[in-house]
Amino acid sequence: MAMRSYLLGVSGEATAERYLQAKGYSIVAKNFRSQQGEIDLVARKDEFLVFVEVKNYSFSNYRSPASAIRKSKKESIIHAARYYLFVNRINDLNCRFDVLTITRRQGSEPVIDHLENAFEVFGC
Amino acid sequence: MLTKVTSAAVNGLDAIFVEVEINSQKGLPGQTIVGLPDASVKESRDRVRSAILNSGFEFPPGYFIINLAPADIRKEGPMYDLPIALGMMVLAGLVKENVEKCVILGELSLDGTVRRVNGILPICLAAKKSGRRQILVSRENADEAALVEGIEVFAAANLREAIDHLNGERPLAPHKFDGKTLLKRSEVDDLDFFDIKGQSHGKRALEVAAAGGHNILLVGSPGSGKTMLARRLPGILPPFTIEEALEVATLYSVAGLLDSKHPLITQRPFRSPHHTTSDVGIIGGGRIPRPGEVSLAHYGVLFLDEFAEFERRVLEVLRQPLEDGQVTISRAQATLTYPAAFMLVAAMNPCPCGNYLDPVKPCVCSPLKTQNYWAKLSGPLLDRIDLQVEIPRLTREELTAQPDGESSKTIRERVIAARDRQRERFAGSPNFSNARMSSRQLREHCRLEREAETLLKSAVIHLGLSARSYDRILKVARTIADLEGVTAIKADHIAEATQYRALDRKGAR
Chain F
1 MAMRSYLLGV SGEATAERYL QAKGYSIVAK NFRSQQGEID LVARKDEFLV
51 FVEVKNYSFS NYRSPASAIR KSKKESIIHA ARYYLFVNRI NDLNCRFDVL
101 TITRRQGSEP VIDHLENAFE VFGC
Chain A
1001 MLTKVTSAAV NGLDAIFVEV EINSQKGLPG QTIVGLPDAS VKESRDRVRS
1051 AILNSGFEFP PGYFIINLAP ADIRKEGPMY DLPIALGMMV LAGLVKENVE
1101 KCVILGELSL DGTVRRVNGI LPICLAAKKS GRRQILVSRE NADEAALVEG
1151 IEVFAAANLR EAIDHLNGER PLAPHKFDGK TLLKRSEVDD LDFFDIKGQS
1201 HGKRALEVAA AGGHNILLVG SPGSGKTMLA RRLPGILPPF TIEEALEVAT
1251 LYSVAGLLDS KHPLITQRPF RSPHHTTSDV GIIGGGRIPR PGEVSLAHYG
1301 VLFLDEFAEF ERRVLEVLRQ PLEDGQVTIS RAQATLTYPA AFMLVAAMNP
1351 CPCGNYLDPV KPCVCSPLKT QNYWAKLSGP LLDRIDLQVE IPRLTREELT
1401 AQPDGESSKT IRERVIAARD RQRERFAGSP NFSNARMSSR QLREHCRLER
1451 EAETLLKSAV IHLGLSARSY DRILKVARTI ADLEGVTAIK ADHIAEATQY
1501 RALDRKGAR
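Protein sequence lines correspond, in order, to chains F and A. For what it's worth, the numbering used here labels the leading residue of the first sequence as 1, then goes sequentially. For what it's worth, the numbering used here labels the leading residue of the second sequence as 1001, then goes sequentially.
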């Protein structure tokens, strides 16, 4: 079971990569981890650095991208994003947090929902 | 990048100008508001975001620090939504003009509509005083703002209009509103003294009270018409001057009670709080003190029906504003002074069952009960009430008769004439009515003729009047003489004034 959902995640991230590249993003990092967080994909487009969280759903338990992220997940992504900016010495780019949901249904193409600017960092 | 927008904060009846400083930097997205914001200011983050997006603009990327300077004054209310949104638009390059010279205030709705906020009038007055010439507000606040002459008021319906105005693409025309003609046009409402049958004594007492600004207590059985009489009092008070009207409107603006369609209060206020109202409700208060009923009745009438049913502490807190014409409220966060120059009209039954003075119905109260009922009204409080009048129940003949008294208009003309005499008399002193004469002014302006003096002396002896009552009678007699239009106080003026000391005569105290 665990293996199956891991494989589902890996194939989902591959789908997401293809989707983002088709939209003009270039992928700069995958599965970036900090001590207390992780980010599925880091992408660049224009002057934006985008941190993307990819979520896979089967059709029966579909969720909208807006409701896919819980508080703890958000904190984990923000932590990793801060760390990413720090280790790569980036301070001249506007950043954004996006959420991508991929919904699969047997026998048809997966449906991708892309929510730009899904959440923000409040306070510092 | 940094931008500054001017806004304002209300502090009591005064306003302080607030610089909304916004700094944007690249990095993770988010906003922080600093400068002692309260919850409603912090929430503006979400309103501003929705309003910008729903007005068809991109929300600018980056991290924003929003500072409301000076940072040591608490900011409350949603009026900073519009300045924050416009500041962000400046940083996004969508507003190019310098926005610092205009004072900007407004709440934003999620769809980008600019909504009304409280306290616009004091802010406009302060803007005029400090030499700021332009103010940008919501449509609903426009009339209120335009009451202040000498500043340009721009009214934006939504965020887009505000942006187009500041960019000079579609400049808004300065909003005009004529308060003075509105004030002149205001007529006495349909509550007229003509409708009251009988009660000529009560009507006359109210006329005297109105003419001299005296406080009055009406004592009578249930259904005798105390409330009916009191409600008609504002109709015989002299009309507002524009300064008075603006002062009252400022108070109502701060309290958030101003009607956006009729921003100028043209009728003297008539406040009748229920007898369960707390002392804070009467005097004002709260974390950051708000005006209470005494201040909302400023330059008007505070009517306390069922006077003896009010809580004792409520009655006692009335003493200080009755004396000073203002209240100072101290709380941990602020100490504020609100004006409270009101006329007190109190009404009560003569005993708990209400039939004590009734010629027909028997009173079923024990003497002790009646005594306790009256004991609630302390001596110092009753001392501040110049006129105490009995309002008897109407007889059947009076009830079925056609009303034949004078109309409010006729009475009002006499009151205005009497007030004019007082204004002349007290020219140059802060006092403006007979009721507020100091003891020095009393000696100066209430000299009695020999006959009058003899009468007053005998009244003092026979009725056992106190020194305070003596002064009260003199003041009321002065007003009665003013109503008649004569300078000297005659014996019949004293006689009438003595009539209005019902409690002294009855010995009910």
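We treat Cβ as the ideally placed atom computed from N, Cα and C, and that holds for glycine. Keep in mind it's a predicted model, so treat the numbers as computed, not measured.
- In this structure the segment 65–85 of chain F does not lie against the segment 1015–1022 of chain A, because fewer than three pairs of beta carbons, one per stretch, are closer than 8 angstroms.
- Nearest to A:P1321 by alpha-carbon distance, out of A:R1170, A:L1246, A:P1339 and A:R1268, is A:P1339.
- The three-state secondary structure of A:C1124, taken from DSSP, is helix.
- Annotation note: the segment 1373–1439 of chain A contains the following uninterrupted beta strand (DSSP E) runs of length 3 or greater, listed N- to C-terminal: 1387–1391.
- Positions of the beta strand (DSSP E) runs, each at least 3 residues long and wholly inside the segment 1289–1350 of chain A, are given as 1301–1304, 1326–1330, 1335–1339 and 1343–1348 in order along the chain.
- Identification of residues in the segment 22–33 of chain F having a C-beta nearer than 8 angstroms to some C-beta of chain A yields an empty set.
- The straight-line gap separating the alpha-carbon atoms of A:I1151 and A:Q1326 is approximately 29 angstroms.
- DSSP places F:F86 inside the alpha helix (DSSP H), whose first and last residues are K71 to V87.
- Rounded to the nearest whole angstrom, the C-alpha separation of F:R44 and F:S26 is 5 angstroms.
- The C-beta of F:F86 has fewer than 16 other C-beta atoms within 10 Å across all chains shown, which makes the residue exposed.
- Contact between A:V1153 and A:L1125 fails: their C-beta atoms lie close to 13 angstroms from each other, not under 8 angstroms.
- In the DSSP assignment, A:E1247 falls within the alpha helix (DSSP H) that extends over I1242 to A1255.
- A:L1172 and A:K1128 have their C-alpha atoms spaced approximately 20 angstroms apart.
- Looking at the DSSP output, A:V1090 sits in no beta bridge, so it has no partner there.
- Annotation: the continuous beta strand (DSSP E) that includes F:K45 extends over E38 to K45.
- Taking C-beta atoms under 8 angstroms as the contact rule, A:S1253 and A:L1121 qualify, at a distance of about 4 angstroms.
- As for any beta strand (DSSP E) of minimum length 3 sitting wholly inside the segment 1483–1507 of chain A, there is none.
- Think of a sphere of 7 angstroms around the beta carbon of F:N88: no beta carbon from chain A falls inside it, the nearest being about 13 angstroms out.
- Within the segment 1050–1064 of chain A, F1059, P1061, G1062 and Y1063 place their CB atoms closer than 8 angstroms to a CB of chain F, listed in sequence order.
- Under the 10 Å beta carbon count, F:L7 is surrounded by fewer than 16 other beta carbons and is classified as exposed.
- Of the candidates A:P1061, A:E1453 and A:K1075, the residue whose Cα lies closest to the Cα of A:S1040 is A:K1075.
- In the structure shown, A:I1265 falls within a coil segment according to DSSP collapsed to helix, strand and coil.
- Assigned with DSSP and collapsed to three states, A:E1144 falls in helix.
- Take the alpha-carbon of F:V54 and the one of F:R96: they are about 14 angstroms apart.
- Looking at the DSSP output, A:V1005 bridges to A:V1020.
- In this structure, the alpha-carbon of F:I39 lies about 6 angstroms from that of F:R33.
- Pairing F:F48 with A:L1166, the inter-Cα distance amounts to about 29 angstroms.
- Around the CB of F:E109, fewer than 16 other CB atoms lie within 10 Å, so the residue is classed as exposed.
- At least one CB of chain F lies nearer than 8 angstroms to the CB of A:P1029.
- Using a C-beta cut-off of 8 angstroms, the segment 1201–1214 of chain A makes contact with the segment 1465–1483 of chain A, since at least three inter-stretch Cβ pairs fall below that distance.
- For F:D98, the enclosing beta strand (DSSP E) has its first and last residue at N94 to R105.
- With fewer than 16 neighbouring CB atoms inside 10 Å of its own CB, A:L1368 falls in the exposed class.
- Assignment of F:E109 by DSSP, reduced to helix, strand and coil, places it in the strand class.
- The beta carbons of A:G1179 and A:N1118 sit about 19 angstroms from each other, so the pair does not count as a contact at 8 angstroms.
- Between F:A68 and F:V99 a beta carbon distance of about 6 angstroms is seen, short of the 8 angstroms cut, so the two are scored as contacting.
- The DSSP-derived three-state label of F:F59 is helix.
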